[in-house]
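2 protein chains.
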Amino acid sequence: MEWKPDKSLQVPVYIQISDYFETRILNGEYPSGSSLPSERALAALLDVNRSTIISAYDQLNSLGIVKRVKGFGTVVTLQKNEEGNVKRVPNWEEYVKGGMRHLNDPITRQIHKIVGTDKPYLNFAIGELSPDLFPVKLMQEAHSQLELSQYLGYEHIQGNLRLRETISEHLRQYRHIPSTASSVLVTSGAQQALQLIIQCLLQPGDAIAIEDPSYCYSLPIFHSAGLRTYRLPVERNGIDPEQIVSLYKQHRIKMVFVNPIFHNPTGTTLSYERRKRLLEISTKYGIAIVEDDPYSLTSYDHDTRSTLKSMDQDGSVLYVSSLSKIVSSGLRIGWITGPQSVIQRLTDAKQQLDFGHSNIPQWIASQLLSSGELDNHLTKLRTGLLSKLELTVNALRAELGDEVRFQAPLGGIHLWCELPGEWDELKLFNLAIDNGVVFTPGSTLGSSSRRVRLTYSKVDDLLIPQGIRKFAEAFRSLNSATANKPR
Amino acid sequence: MEWKPDKSLQVPVYIQISDYFETRILNGEYPSGSSLPSERALAALLDVNRSTIISAYDQLNSLGIVKRVKGFGTVVTLQKNEEGNVKRVPNWEEYVKGGMRHLNDPITRQIHKIVGTDKPYLNFAIGELSPDLFPVKLMQEAHSQLELSQYLGYEHIQGNLRLRETISEHLRQYRHIPSTASSVLVTSGAQQALQLIIQCLLQPGDAIAIEDPSYCYSLPIFHSAGLRTYRLPVERNGIDPEQIVSLYKQHRIKMVFVNPIFHNPTGTTLSYERRKRLLEISTKYGIAIVEDDPYSLTSYDHDTRSTLKSMDQDGSVLYVSSLSKIVSSGLRIGWITGPQSVIQRLTDAKQQLDFGHSNIPQWIASQLLSSGELDNHLTKLRTGLLSKLELTVNALRAELGDEVRFQAPLGGIHLWCELPGEWDELKLFNLAIDNGVVFTPGSTLGSSSRRVRLTYSKVDDLLIPQGIRKFAEAFRSLNSATANKPR
Ligand SMILES: Cc1ncc(COP(=O)(O)O)c(C=O)c1O
Ligand SMILES: Cc1ncc(COP(=O)(O)O)c(C=O)c1O
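Shown next as structure tokens:
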């Protein structure tokens, strides 16, 4: 081989090598099926490290023109088309593997696959309401009142003005949060609000704190963004704010994500004292707080729990909520309220992401929230959720007795359960699926202990006992399978 | 000062220094209003470079506890609360500046501010239809046929199954593209499809090629993602595919973004020969193609122009389109079709971004597309757009004579104009706004020559002559202002 890489060039040596072979392969000098020199031989020949050759071959591999076959070395895989020209269609598998955004974990992907399909699972995994809990009448009324001779062009990117005014009034009335239409951004659920915050207010390498366990772990959005995440264990009264101080001192955390009321998955509520202390710490160290509050209007005891934002004197809190858990998750109406400068920054990003929210769901949400019928619906909803919780708890006790441990929540839609013994989470998940039941394994929510989240809001009352029975069967068969295993 | 940074530690020295002062400031040793040592003095004292001190002070500044005041050095700005404790609310301005996602440029931001508001601008900047071109009757019918007793939970994240089937049938019938429901992903407009492709199939440092000028330049989404973008000049017949070869050889571009039919902003269509050649090059070098096609159904001459995807034998093209330019942009219904593995990857990301599209607009879109009335609407739409184009062209000729140059397009909604002489783009933009007219300056679309894009689809027929007159007035007053300027 006469050619040698030129180490004085700016182009990295492994790229030079990969370019060299790419050209030769495209020219037909190495036909499909032939082998490239062995890594060791080529390294000696070109007078470079073997690792450089490996990088070069990896590069050719990712271009889709060679395959690295164990025991055979590096084999050319380029195809020719009918006219005899070399042909290399885009290597989609490589594109798919390469993207910056991380994939959901396999279990979450499996759970999502059945979202919105007609598969007859008893679904204790998804956080949405059962058909009888949706305010169908209210939705129909709101829907039938729309004229649709309205303007059908792009909506205001920050959200339809009337909807923002309605949300602002709703925040005042139901959550004691002062806001104005211009400090509200309409988002595609709380989900998109979290995503926008991450993309607009943080940068790779920044440190943040999130609850452990937490809904946040079910999302790779933090790690896709290159953030360092630190854990705040959730206790009976929620997180311990003092831990934020030490995280700050050690890691300079810039933001804390909390779901303080009827926390997903534990169902706990951050105590009043802790909420106060959290705000103090935030304004002592200048740490921003994101309050994710999808559940505060679902309290079974009618006690109001004040949102952090309603106690926030200094504007340290970004408040995120949505209609998903109280009206309809399919509408995809959520919002965020916070300082003007933040709302404007996020609005600009939303333009880039999706050019604003769809118009019709916004008009419907606005009708619905201002109809004066929300109170009646919420009362019905709370009663309905509580009865589903009781059915779930009773069924669990009947099936698993004291083996299963949990703290029944006072609101929300999730029951966080501890099951005894050593067991394999994935096995339980698959056995339950085989039995027609889906639940959320604890690890998906960042929990390292053996826990399961049973979300009781979606399953029909009549089917809850059956669902829990099937779940318990899966658990028991798992235990007996383990017990029968030869040691 | 007894303390010195420890250079043997992992923590960077500037962080050690900033931490040191932060603690002292929080302890009250440097009260609000006091100055920190000068950069020079401190550098000498601690035996480090002055640039290290600058980094440390910048860090304190970004924490919001000092301000760097010209001529005064670095001043502590920490406030105390009523109880006399130090108080530092999150420094939102710093958060807002810090995010990874880039901001839109100032002109684009100004244009978006008036989207969806009632401001009485004659809007030649936004790519949407005028009220008389929307299929209002069709929308009303589709709307009134909805039951809304349907399932109101999360939709399938890939998109409502019936809508995907309808889109697949539409693609076959109207665009000669074979697809199946499982190879279609419903997105929030073409916009979100582009965003998903970037986030899931590319990584920072990757090279891509985009048309020059192009809609893509109005979006910072490519640069936010850290991509290197290379330009493909758009000629009368579209881009020259051979340039892709040389870009590939030089920069290893991984993906080409094109809008081949009735291109935004030039209105040109990639010739049949060039389309064929583009596909050949794609499958010779393994370069993926993204075909963004919002306009192909708007041809004024009823000639069909085949989409790239309809000619794509090897699956090298990801095809993106939407209902924005033919039905209603406010619905936010777009889609992408391509290889299964890509669609699945993008679906997973869409779950993370917004948990799927809102349900009601999907049901409406599906009714509308399958109603059998689309043809009639499209015929009306084309006639309407052509008449708007003629009104615009006539008004331009009447106002600016041969001074303005353009190539009238055979479809689409944009007129790309060249205005003579040397003139200041931003001044023209602002003068036009003062005159009640908005247009898109060429630089927003990546053009370096003095061009303007006049989008004629939204303005009422009766107001087009007036709008163009006001635009021409702005242009003339700009010239006379320049002419009057003392030299
Ligand atoms: C704590 C929490 N945040 C956010 C979300 C996302 O909800 P949505 O995007 O539907 O508003 C959920 C849904 O389960 C949740 O439990
Ligand atoms: C070429 C092109 N692509 C994409 C878009 C985005 O359109 P939407 O997201 O509304 O489908 C536009 C809108 O102007 C466009 O012209």
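Protein sequences, first through last, are from chains Z and U. For the first sequence, the numbering used here assigns the number 2 to the initial residue and increments by one for each residue that follows. For the second sequence, the numbering used here assigns the number 2 to the initial residue and increments by one for each residue that follows. C-beta atoms are modelled at their ideal positions from N, C-alpha and C, and glycine is treated no differently. None of these values were measured; they are calculated from a predicted model.
Among the options, the one whose alpha carbon lies nearest that of residue i
i: U:R165; options: U:G335, U:D435, U:L379 and U:F472; result: U:G335
i: Z:L186; options: Z:G339, Z:L153 and Z:L332; result: Z:G339
i: Z:V321; options: Z:Q314, Z:R346, Z:D302 and Z:I290; result: Z:I290
i: Z:N238; options: Z:V67, Z:T24 and Z:L271; result: Z:L271
i: U:R276; options: U:T299, U:S342, U:T78 and U:R306; result: U:R306
i: U:E156; options: U:T348, U:I469, U:F472 and U:S39; result: U:T348
i: U:I288; options: Z:N395, Z:V90 and Z:Q353; result: Z:V90
i: Z:L104; options: Z:A182, Z:L134, Z:P121 and Z:S225; result: Z:S225
i: Z:G402; options: Z:R173, Z:F125, Z:A143 and Z:A473; result: Z:A473
i: U:E236; options: U:S247, U:P221 and U:N260; result: U:N260
i: Z:P442; options: Z:Q200, Z:Q314 and Z:R454; result: Z:R454
i: Z:T188; options: Z:H358, Z:I115 and Z:P362; result: Z:H358
i: Z:A126; options: Z:V460, Z:A57, Z:Q200 and Z:I66; result: Z:V460
i: Z:T75; options: Z:Q111, Z:D106, Z:K114 and Z:E23; result: Z:E23
i: Z:A191; options: U:I469, U:L354, U:S56 and U:G154; result: U:L354
i: U:L134; options: U:L479, U:D304 and U:S458; result: U:S458
Residues that residue i bridges to, as DSSP identifies them
i: Z:M256; result: Z:I209 and Z:A289
i: Z:E236; result: Z:G239
i: U:H415; result: U:T456
i: Z:P442; result: Z:V453
i: U:I337; result: U:L186 and U:V321
i: U:F407; result: U:C418
i: Z:Y231; result: Z:A210
i: U:V97; result: DSSP output for U:V97 lists no bridge partner at all.
i: U:V328; result: DSSP, once it has assigned bridges, lists no residue as partnering U:V328.
i: U:N124; result: U:V439
Any non-hydrogen atom of ligand 2 within 8 Å of residue i CB
i: Z:Q11; result: no
i: Z:F356; result: yes
i: U:K351; result: no
i: U:K326; result: yes
i: U:D293; result: yes
i: U:Y216; result: yes
Buried or exposed by the 16-neighbour rule on C-beta atoms within 10 Å, applied to residue i
i: Z:K310; result: buried
i: Z:R452; result: buried
i: Z:R488; result: The predicted model places Z:R488 with a pLDDT of 40, which falls under 50 and marks its position as unreliable; any figure quoted below should be read in that light. Result: exposed.
i: Z:W364; result: buried
i: U:N161; result: buried
i: U:Q196; result: buried
i: U:N485; result: Low per-residue confidence applies at U:N485: pLDDT is 48, beneath 50, and the placement is therefore not dependable enough to give any value.
i: Z:Q11; result: exposed
i: Z:S329; result: buried
i: Z:Q80; result: exposed
i: Z:K250; result: exposed
i: Z:F377; result: It should be noted that the sequence gives Asn, not Phe, for residue 377 of chain Z. Exposed, since its Cβ has fewer than 16 Cβ neighbours within 10 Å.
i: U:Q368; result: buried
i: U:F476; result: buried
i: Z:N360; result: buried
i: Z:L46; result: exposed
i: U:K120; result: exposed
beta-carbon residue i near ligand 1 non-hydrogen atom, thresh 8 Å
i: Z:Q192; result: yes
i: Z:G128; result: yes
i: U:Y286; result: no
i: Z:G335; result: yes
i: U:Y152; result: no
i: Z:Y320; result: no
Next on the checklist: Does the segment 416-434 of chain Z come into contact with the segment 274-289 of chain Z, if we say contact requires no fewer than three beta-carbon pairs (one atom in each stretch) closer than 8 Å?
Outcome noted: no
Next on the checklist: Output needed in chain order: residues of the segment 269-296 of chain Z with a Cβ under 9 Å from some Cβ in chain B.
Outcome noted: Absence of chain B from the displayed structure is noted, the protein chains being Z and U.
Next on the checklist: Under 8 Å: do the segment 248-265 of chain U and the segment 212-223 of chain U share three or more Cβ pairs, one atom per stretch?
Outcome noted: yes
Next on the checklist: Measuring CB atoms only, is the segment 130-150 of chain Z touching the segment 3-19 of chain U, in the sense that at least three cross pairs come out at less than 8 Å?
Outcome noted: no
Next on the checklist: Quick test of the definition: if touching needs 3 or more C-beta pairs under 8 Å, does the segment 380-389 of chain Z touch the segment 373-391 of chain U?
Outcome noted: no
Next on the checklist: Three or more C-beta pairs under 8 Å: does that hold for the segment 64-78 of chain Z against the segment 404-413 of chain Z?
Outcome noted: no
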